Amino acid sequence: MLLITTLLQTNNMNPKDVIKVDVPLFIRLLEYAREDAKTDMDLHDVAENIIRLSETGKTLSMNDYDAIVGSTEEELAEVRLWQVRAGIIK
4 MLLITTLLQT
14 NNMNPKDVIK
24 VDVPLFIRLL
34 EYAREDAKTD
44 MDLHDVAENI
54 IRLSETGKTL
64 SMNDYDAIVG
74 STEEELAEVR
84 LWQVRAGIIK
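In terms of my numbering, the sequence shown opens at residue 4 and continues consecutively.
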């Protein structure tokens, strides 16, 4: 297990289905789930966006909120393009 963790850290890969969010974002996501989400699909979309944005292993923050909750597919694609151009993801 240690070898796998070390390899993942060395390659800047995020283990499947692991996300990291800071406390302010976590609280805001809970507020969104309670107050703003209209359907279960809204929550599934948010979860998918968080997983995609977490591919690099970075800790997500309030800077990522619009891409997580308020994003259209075009906005999410733009974020992913920026990450590719910056060499963060392939």
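Using N, Cα and C, we set each Cβ at its ideal position, and we do this for glycine too. Just so we're clear, the structure is a prediction, and the values are computed from it rather than from any experiment.
Considering Cα atoms alone, identify which of the options is closest to residue i.
i     : options                    : result
Ile22 : Asp45, Asn66, Thr62, Tyr35 : Thr62
Leu71 : Gln86, Asp48, Gly60, Leu84 : Here the sequence assigns Ile to residue 71, which means Leu is not the residue at that position. Checking every option, the nearest Cα to that of Ile71 belongs to Asp48.
Pro27 : Asp45, Gly73, Asn66        : Asn66
Ile53 : Leu32, Arg88, Gly90        : Leu32
Tyr68 : Glu34, Arg88, Lys93        : Glu34
Val24 : Asp43, Ala50, Asp45        : Ala50
Please classify residue i as buried or exposed, where buried requires at least 16 neighbouring CB atoms within 10 angstroms.
i     : result
Leu84 : exposed
Ser57 : buried
Lys93 : exposed
What residues in its chain sit with their C-beta under 6 angstroms from that of residue i, if we drop five residues either side in the sequence?
i     : result
Ile91 : Thr59
Review point. Mind pulling the alpha helix (DSSP H) runs of 4 or more residues that sit fully within the region 35-59?
Key: 43-56, all fully within the region 35-59.
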